[in-house]
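Chemist: Structure incoming, see below.
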Amino acid sequence: MSSLDENAWLATSLGQYFLQREQAYYDQVVADIFGFNALQLGLLEHDLLRTSRIPFCFRAGMGRRVAVRADAPQLPVASQTLDLILLPHVLEFSAHPHQILREAERVLMPEGQLIVSGFNPFSLWGLRKMMSYNEAGYPWNGRFISLLRLKDWLALLGFEVIGGRMCCYEPPFQQEKLLRKFRFMEAAGDRWWALAGGVYFIHARKRVHGMRMIMPPWNEARAARKGLAPVAQKTLQRTKPDLRSRFESK
């Protein structure tokens, strides 16, 4: 997929409708994630980390507005160095989606977070893709990955899904007039057909089994003081009879 096809589609009425909802989700979620380093792969012309409080946020890929030129299946990033990774519509346009997820798992810190967005094959958007199999343009030329399959891949890599949602319930019409006509479907989608959104988001956390939380040292000191207190009292009680017997003997 060329970035030219992607940018041309994003400039259409349907692309703008999609982009507004995509940006709104990322703006809301990344604002509450903390850490030191965050990476965005995909949709490189748009800053999906703009509301993040993480000090160092950067984009990597083969586009123009990137800090690092890199291929997603082979990231030039040291292991366990990132706190957050965004993968907006990267997996369905790659020949190696499993390898991309493995790389994300490798470079994420323990308890690091991953947010993936993709096109839902079981939606009106997926139906449009099936009907336009001869169409080579973005996004219909991608390999849409089902939500259940993606969850299975994440579970095998040790990720725990902690959130997510769907959006883009309106039919994928190119005309602005038709999109406005079916705008009621966006508001009713989460309530009436929650799994039929054209786009899904998965928010996951990297779990590392066998980790032991290290408590602050002042807790250990406090516990030690509490443990010594009864011993001191018992010692004092044992010495009192000895003192009394000495005075009585005098």
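The sequence shown runs 1 to 250 under full-length UniProt numbering.
Even for Gly, the Cβ is constructed at its ideal location relative to N, Cα and C.
All figures in this text were calculated on a predicted structure; none of them were measured in a lab.
#1: Out of G189, G63, D27, C57, which has the shortest C-alpha to C-alpha gap to I85?
#2: Quick check: the Cα distance between V199 and I33, rounded to an integer number of angstroms?
#3: Kindly provide the ranges of any beta strand (DSSP E) runs that are 3 or more residues long and lie completely inside the stretch 73–160, ordered along the chain.
#4: Mapping DSSP to helix, strand and coil, what is F34?
#5: With a 10 Å radius around its C-beta and 16 neighbouring C-beta atoms as the bar for buried, classify W192 as buried or exposed.
#6: Please report how far the alpha carbon of E170 lies from the alpha carbon of R65, in whole angstroms.
#7: Below 8 angstroms between beta carbons: does that hold for F201 and I115?
#8: If you compare alpha carbons, which of G35, A60, F122 is closest to D47?
#9: By DSSP, does F56 sit in helix, in strand, or in coil?
#10: Nearest by alpha-carbon distance to A72: which of V107, I162, F173, Q20 is it?
#11: Please report the straight-line C-alpha distance between F173 and G35, rounded to a whole angstrom.
#12: Would you mind sorting E160 into buried or exposed? The rule is 16 or more other CB atoms within 10 Å of its CB.
#13: R64 by DSSP, collapsed to three states: which one?
#14: Can you check which of these residues, R205, L127, M130, is closest to L154 by C-alpha distance?
#15: Looking at the C-beta of Q16, does it have a partner C-beta in chain C at a distance below 8 angstroms?
#16: Evaluate K129 with the Cβ neighbour count: other Cβ atoms within 10 Å of its Cβ, from every protein chain shown; 16 or more gives buried, anything less gives exposed.
#17: At which residues does the beta strand (DSSP E) containing A204 begin and terminate?
#18: Check G42 in the structure and name its three-state DSSP category.
#19: Check whether the Cβ atoms of H89 and F122 sit closer than 8 angstroms, and answer yes or no.
#20: Classify M166: buried if its beta carbon has 16 or more other beta carbons within 10 angstroms, exposed otherwise.
#21: Assuming the contact rule is C-beta atoms closer than 8 angstroms, L49 and V30 should be a hit. Round their C-beta distance to whole Å, please.
#22: With a threshold of 8 angstroms on Cβ separation, who are the neighbours of A67 within its own chain once the five nearest residues in sequence on each side are excluded?
#23: So, for L91: in the same chain, excluding its five sequence neighbours on each side, which residues have a beta-carbon less than 8 angstroms away from its beta-carbon?
#24: Between M109 and the rest of its own chain, which residues show a CB-CB distance below 8 angstroms, the 5 nearest in sequence each way excluded?
#25: Going by DSSP, name the residue or residues bridged to R165.
#26: I'd like to know whether the C-beta atoms of L87 and A104 end up nearer to each other than 8 angstroms.
Modeler: Taking the coordinates as given:
#1: With distances taken between Cα atoms, I85 lies closest to C57.
#2: Their Cα atoms are separated by approximately 22 angstroms.
#3: Along the stretch 73–160, the beta strand (DSSP E) occurs as fully enclosed runs of 3 or more residues at 82–88, 108–119, listed in sequence order.
#4: The DSSP-derived three-state label of F34 is coil.
#5: It is exposed - the Cβ of W192 has fewer than 16 other Cβ atoms within 10 Å.
#6: Computed Cα separation, rounded: 30 angstroms.
#7: Cβ atoms of F201 and I115: closer than 8 angstroms.
#8: Per the C-alpha coordinates, the member of G35, A60, F122 positioned closest to D47 is A60.
#9: In the three-state DSSP reduction, F56 falls in the strand class (E or B).
#10: Between A72 and the set V107, I162, F173, Q20, the nearest pair of CA atoms involves V107.
#11: Their Cα atoms are separated by approximately 40 angstroms.
#12: Burial state of E160 is exposed, judged by a 10 Å Cβ sphere holding fewer than 16 other Cβ atoms.
#13: In the structure shown, R64 sits in coil (DSSP, three-state: anything other than H, G, I, E or B).
#14: Checked all of R205, L127, M130; the closest Cα to L154 is R205.
#15: Although the question refers to chain C, the structure presented lacks it and comprises just one protein chain.
#16: Counting of Cβ neighbours within 10 angstroms places K129 among the buried residues, the total reaching 16 or more.
#17: That run of the beta strand (DSSP E) goes 199–206.
#18: Note: G42 maps to coil in three-state DSSP.
#19: Taking 8 angstroms as the Cβ cut-off, H89 and F122 do not qualify as a contacting pair.
#20: With 16 or more other Cβ atoms within 10 Å, it is buried.
#21: In this structure, L49 and V30 form a Cβ contact; the two beta carbons are roughly 6 angstroms apart against a cut-off of 8 angstroms.
#22: Excluding positions up to five away in sequence, the list reads F58, R59, A60.
#23: The beta carbon of L91 is closer than 8 angstroms to those of P97, I100, L101, V116, G118, I145, L150 in its chain, skipping five residues each way along the sequence.
#24: Listed in chain order, the non-local C-beta contacts of M109 below 8 angstroms within the same chain comprise G35, Q80, T81, L82, D83, K206, local neighbours out to five positions each way being set aside.
#25: DSSP, once it has assigned bridges, lists F201 as partnering R165.
#26: Yes, the pair counts as a contact, with Cβ atoms nearer than the cut-off.
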